[in-house]
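Read the structure below first, then the notes.
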Amino acid sequence: MSLSPQTQSGEFRLVYLNSSSRNSQFKYLHNRISTAKYNFVTFLPKFLFEQFSKYANIFFLFISCIQQIKDISPTSRFSTLVPLIVVLIATSFKEIFEDYKRHQSDAEANNRPCKVLVGSAFEEKPWRDVVVGDIVRVSDKEFFPADLILLSSSEPEALCYIETSNLDGETNLKIKQGLQVTSHLTTPNDVSELQGYIKSELPNNSLYTYDGTLVITNGMAEKIIPVDPNQILLRGAQLRNTNWVYGVVVFTGHESKLMRNASATPIKRTNVEKMTNHQILFLFGILVILSLACAVGSLIRRIYYTQYMGYLQLNNTNMWAEFGMNILTFLILFNNLIPISLIVTMEVVKYQQAALINSDLDIYYAKTDTPALARTSSLVEELGQIEYIFSDKTGTLTCNEMEFQQCSIGGIGYADKIDPSKKNQLSEGNSAVGQYDFNKLHENLQSHSTSSVIREFLTLLATCHTVIPERNESNPDDITYQAASPDEGALVKGASQLRYVFTTRRPKSITVEIYGEAKEFEILNICEFNSTRKRMSAIVRGPDGKIKLYCKGADTVILERLAPKNPFVDETLAHLEEYATEGLRTLCISMREIPEEEYQAWSVIYDKAATTLVNRQGELDKAAEMIEKNLFLLGATAIEDKLQDGVPSTIHTLAQAGIKIWILTGDRQETAINIGYSCKLLSEDMRLLIFEQESREAFAKGLDERLAAVRNAKQSVLESEPLALVINGSTLAFALEKEYEVQFLELATKCKAVICCRVSPLQKALVVKLVKTHLKAILLAIGDGANDVSMIQAAHVGVGISGMEGLQAARSADFAISQFRYLKKLLLVHGAWSYQRLSKLILYSFYKNITLYMTQFWFTLFNGFSGQTVYESWTITLYNVLFTVMPPMVIGIFDQFVSARMLDRYPEMYKFGQNKEFFNVRIFWGWTINAFYHSMILYFLAMLFFLDDSILKGGTIGGQWVFGTTLYTAVLVTVLLKAALVTDLWTKYTWLAIPGSFIIWLIFFPIYATVAPLLGIAEEYDGLLPVLYGNPIFWFTILVIPTVCILRDYIWKFMRRMYFAKPYHCVQEIQKFNIPDYRPRMERFRKAVNKVRIIQRMKLSRGYAFSQTESGQAGLIRAYDTTRRKPSG
């Protein structure tokens, strides 16, 4: 069959098997990927666009250009251009260095080796050379290089196991099965002879769907077989516990489903930076007004006073041309009202703040030798203003480990490790209280009255499941259990540790070694788990020939199916409550013996339901309902979905800091809710608003009803009841539609916690973008897998969990930490410090420049608007480069408004960053007006002291440069005193920077004033030194005027701390006098109250342990035969 490229252009794509020449005509996308921000072509335009989106850089470029016009600039032509070029070059090196790391990680992925069929043999090629239509061989533990359709595998019936944690965050293994018609192709020769084509859907971002057909041609005959998601192996997933698979490539590179869920690396700019940008615009407006005012002054002088200034020869020039030129001259003269040094200082300070994060031993994880890593220094202050955290669950909050920890059998509690508080209560009269260890369980199995119950309980754990055992060829006693649900794997492993070892699976039976003796159990039927049934049953014929129904599931569904007289219900319920308060995942375990006649009659009904074509699942559920009754309660199991260390306390502390946490996970709803309770995100007193509607209309109705109830909460009980919202992926798709997104967001923001389950990577990013678009809040996203990359990039700040297998998230993130608990110090300490330091640095930088350059404006009023400078030009240049560069830098790197210990003790302090208390429009203009005020005091008091100029001993006068240098020194002393006043922590570097800067000026000036005139540089200073230092007015001025300036600031600081104190002022006092914290007593009382509430809540709902894929697994599992020899491939 021959199809032209045009045939498949609209609704599907064609992929020919073993025909690379025919596939090449379609020009499908290559398999190379790029997650970098720049390449050789785009670097310059992208970088320049990013840099000149900062208004300060546009302004300095404009000043640099007009400085090149002859006879306009009162300063050097290059005094602005050179610093601007230096800033841009330094920033470009930083950007290149950061992007180089991304290119390295891309190259690493693109150069991974894989085996591709060439002729009738597999050859090794890098991933980048894989093309659509290639047949590839992937071995155990390798990642799939592209999206493949599974043809065959080393396992029976073309089965294989894959782990999709990079796609959906789930670590439980999933089973995929190739098509029956290709399952026999287990050698390179066989698969090279396959002829036909695949008619595939077009590339899309849906991870859970696939539509296509495989057409196998044999001569003129064609065989058409449908292909569904069961045969799709996605890029990013990993082959596990399967020796090899053959697959044909259908989507490559950025057309693969994983990359379709990724988004381009964004350009991130901080909130502080954006606000600074806006204030620069206003300052530029003031600058233009000042320049216009001076130019108008010069014009008035020209019009009305020309006859008195004939020596200037003003009549020789055009008046209006001169007016325009004067505007430009004054723009250049006052341009440093906007400090160019600020950009460089901020970059240096942010780099150092990032270095402090990298070297912090409190967030270094010794176990994997992983320090924290700030991958970009641009966003450090953003860490101090976070209002929402979007977190992945698996691998971020949890450790991906399930442990069978405790169980209740026949009303007696057993535990792997006994809690010391329960150990002392082992017996009270004749009844068992507290816990026994598992050794006691073995003893009770031999002689206790509950021995038969224990035997049935352990048999159920070893038989009622869909687990497959894998023996290690080199060590047959080493068995690995492959489970679609990690909970099931934990239960089977737990049974094996209790010497009920599941060893072999065949299509119709399994073998269990009980205390070393192999026994075969015939598996008659499996009634699968689903979210409606919340239970799973296996009907088993034991070695004794008896038929038994083993059923495990959530307590709510098992308890209502028990026989009237069950002896262990009360004790088991007490144990369930105990397990639930510890955050463990629980299952009730039950059974009943079925008479042969009853089974035979039921079997007919079940077989009929299994073969029906209409509503098969519903019919199977009804059939299961008929047999799952009159059960005998054996006990309960408790599994720990192990949280990372410190997760509950971290979430509790972050909530105290005013941060809202949303969990976005690909995991099941029940699992996510259970983890929510375990990690203290959900509390006992919260009302859960669960959205799991399957239609748009039902969702819209539910949303309207709940939103109306919340809005009217003032008149209802809901007002005092905190809310938590839980929504699944399919319903979230409705919520993210334009029509409903604002209402959904309103409801979500009224909730204390939000959990989105079964969400795709793209949906994670869309949720983040929804909040980002509609709320003026700073967002942080944290995750550990490739499925979290889009979310991490969409948020203002992205944090990746590093040190784990698969570093995709850490590579794409702005910051990488190895444990979730380190987020507390990263935000509450480093974030709060960085935000406060940067705020103070920016405000001080503007203050010091405005203070100096406004004195230049006041001088302009007294020099006939001539454009004359009051200071020597190189002294002005060195003001920002040498004499005032250290104070803002030291404030930005070392200042602490309170210590790390206090920030940890009082997380509420973090709200200052969220509320923008340290840097907002009011504070910015407060500092700006203060700078104007100081410049006026400085200039006009200096004018007063020099009213008749400085009369020297010989009868001569000092002149402009004595006045200008005295004023410059007074300005320098004032701005240094201001730095001292706003500094909260004095270190040795602070002493070097603030008093040290003044000492540098006192040393520098005599040397410069002596040497520079000899070199013909600063001739204004010729002979000035003895005149200045010998003049008492100079010393009087630099002592009195700065004192007058700072006095108002000191009084204001005193008044604010004494009468208008902020909470952090109180904490500073607590820190200073080391006042102890009396809150632990209250905390103990609160914990006691919470424990009572937990028990009340657990009576209503408990987290049960089931997270496997719903339905469809049992058939695949029962096709399995672990005794068959596997092909080598």
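Going letter by letter, the sequence shown gives residues 12 to 1140 in the numbering used here.
Think of the CB as a built atom: it goes at the ideal place given N, C-alpha and C, for glycine as much as any other residue.
Going by the DSSP bridge assignment, what does residue i pair with across the sheet?
i	result
W255	S150
C599	G564 and A647
C171	K187
E481	T491
N50	None, per the DSSP bridge assignment.
W673	F401 and V765
A634	In DSSP, A634 forms no bridge with anything.
I160	I243 and V259
P137	P124
M413	D652
Just the C-alpha distance for residue i and residue j, rounded to the nearest angstrom, thanks.
i	j	result
L472	E528	17 Å
S388	Q847	16 Å
K1064	Q364	27 Å
I968	Y950	19 Å
G1027	A1020	11 Å
D656	T409	9 Å
A306	T976	26 Å
G924	A591	37 Å
S75	W885	17 Å
P156	L213	18 Å
D1060	H114	51 Å
G556	K268	50 Å
I534	V259	35 Å
Can you tell me whether residue i is helix, strand or coil according to DSSP?
i	result
K927	coil
G422	coil
Y858	helix
N536	strand
L1111	Residue placement at L1111 is flagged as unreliable, the pLDDT there being 47, under the threshold of 50; a coordinate-derived value is accordingly withheld.
F23	coil
N121	helix
G817	Caution is warranted here: a pLDDT of 49 is assigned to G817, below 50, making its placement in the model unreliable, and the coordinate value is therefore given only provisionally. It is coil, neither helix nor strand.
K530	strand
S850	helix
E439	Its pLDDT being 43, under 50, E439 is placed unreliably by the model, and the measurement read from it follows with that caveat. It is a strand residue.
Q249	strand
V573	As written in the sequence, residue 573 is Leu, which differs from the Val given in the question. In this structure, L573 counts as strand in the three-state DSSP scheme.
I605	strand
What residue does the beta strand (DSSP E) around residue i start on, and which one ends it?
i	result
Y511	Y511 to R516
A792	I789 to G794
P237	A232 to V238
R552	R546 to R552
G1034	No beta strand (DSSP E) contains G1034, which DSSP labels as neither H nor E.
T623	No beta strand (DSSP E) contains T623, which DSSP labels as neither H nor E.
G1155	There is no way to answer for residue 1155, as the model of the chain reaches only from 12 to 1140.
Going by beta carbon distance, what residues of the same chain come within less than 8 Å of residue i, once the five residues before and after it are set aside?
i	result
I1086	E1080
Q508	F415 and F449
N483	D489, I490 and T491
N441	At N441 the pLDDT is 42, less than 50, meaning the model places this residue with poor confidence and gives no usable figure here.
Apart from the five residues just before and just after residue i, which ones in its own chain have a Cβ nearer than 6 Å to its Cβ?
i	result
G421	T461, V464 and F579
N739	Q680, E703, C768 and R769
L301	F345 and F868
G564	K545 and R546
A827	L384, G811, S813 and A821
M697	P733 and A735
For residue i, which residues from the same chain have a beta carbon less than 7 Å from its beta carbon, with the 5 sequence-adjacent residues on both sides left out?
i	result
A776	S274, S801, M802 and A805
F876	C305, G308, S309 and R312
Just reading off the alpha helix (DSSP H) that residue i is part of, what are its end residues?
i	result
C1056	P1043 to Y1070
K504	P497 to Q508
K38	Premise fails: K38 is in no alpha helix (DSSP H) and is neither H nor E.
Any beta carbon from chain D within less than 8 Å of residue i's own beta carbon?
i	result
Y858	The chain inventory of the structure shown lacks chain D, comprising one protein chain alone.
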